[in-house]
Amino acid sequence: MVDFTRRQVLSQSVAAALGASVIGVASGEEVEETDTPGAPSVAGSLKRFSTTAFGAEVTGPFVFEDGGLLYSLQHPDEENPGEFGRAAVGYFSGFQFEFNGSNDDFPEVGVPDTENKQRQVRSAAGDYEILVQGREPINSGQARLGVVQTPDGTDITQENFAGTQYGGAATNPDCNQFVPSNDEGTEGYLFTNWENSPGCVSRVPISKGE
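Quick note on the working numbering: the sequence shown kicks off at 59 and runs consecutively.
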């Protein structure tokens, strides 16, 4: 199993995998009223890999070269238990896509039919593990991940500044992009866009080990 390890921000090991939240299996057959010239279409079927926690969006899915995947847990309900109640970027440990043109490399996860299932991130092909969470201390405690500051170091939050903001500070991790820093692609930086007004982009160093 491939693991990714954070260096500098958190001392924990992680692997990477993707989640895509899809309700049921959808047919890819064309019908007349949707056969628009030039429009995208699906040949085959969609299969549910993951369901996300209550109140959250799945954003920023990223596929690594080795088939590992991760995504952002954007603005989850704060009443969700434990780590699922706070915005984060996470991965599915113990899983990698095979890139063989089929969906046979993972079992479909069931519909979240209980409140317990609805309030967590789920998959039938690995466990969602948190890599980074919004508002965790960084820079020796002088700042918080995903929270923009003024030049004098004041956090730009709804509590500190009146006016319109897109959302709560560090609640909307969006796009993710991994940029390798060596030829093997075993270490590099995970860039995450924290959507807000104003927003910011974080850079988290990660490395991969067997």
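Note that CB positions come from ideal geometry on N, CA and C, so glycine has one too. Just so you know, these numbers come straight off a predicted model, no measurement behind them.
Checklist entry - What separation, rounded to the nearest whole angstrom, lies between the Cα atoms of A84 and G102? => result Here A84 scores only 48 on pLDDT, less than 50, and its place in the model should not be relied on; the value that follows carries that caveat. Taking the straight line joining both Cα atoms gives about 9 angstroms.
Item to check | Sequence-distant residues of its chain with Cβ nearer than 6 angstroms to A182 (five each side left out) | outcome: P165, V167
Checklist entry - Taking just the CA atoms, how far does P134 sit from F112? => result 6 angstroms
Checklist entry - What first and last residue would you give for the alpha helix (DSSP H) that runs through N174? => result 173-176
Next on the checklist: Using CA atoms only, rank isn't needed, just tell me which of S239, G152, Q154, G184 is closest to R261.
Outcome noted: S239
Checklist entry - So, is E253 buried or exposed, given that buried needs 16 or more other C-beta atoms within 10 angstroms? => result buried
Checklist entry - Bridge partners of A201, per DSSP? => result I196
Checklist entry - Hey, P263 and T250: beta-carbon distance below 8 angstroms or not? => result no
Checklist entry - Mind pulling the beta strand (DSSP E) runs of 3 or more residues that sit fully within the stretch 99-147? => result 115-121, 127-132
Item to check | Inter-residue Cα distance where the pair is T172 and F122 | outcome: 32 angstroms
Checklist entry - Just checking my contact of V179 with F142 at CB under 8 angstroms: how many whole Å lie between their CB atoms? => result 6 angstroms
Item to check | With 16 other Cβ atoms within 10 Å as the buried cut-off, status of F157 | outcome: exposed
Next on the checklist: Just list the residues that DSSP pairs F249 with in beta bridges.
Outcome noted: Q235, R261
Next on the checklist: Quick check on E137: buried or exposed, where buried means 16 or more other Cβ atoms within 10 Å of its Cβ?
Outcome noted: exposed
Checklist entry - Taking Cβ to Cβ, would you say G192 is nearer than 8 angstroms to G184? => result no
Checklist entry - Based on the DSSP output, what are the partners of F153 in its beta bridges? => result None; F153 has no bridge partner.
Next on the checklist: Could you tell me the alpha carbon to alpha carbon distance between K175 and V190, rounded to whole angstroms?
Outcome noted: 22 angstroms
Item to check | Option in F236, T212, G211, V206 with minimal Cα separation from G225 | outcome: V206
Checklist entry - Helix, strand or coil: how does DSSP classify Y224 here? => result coil
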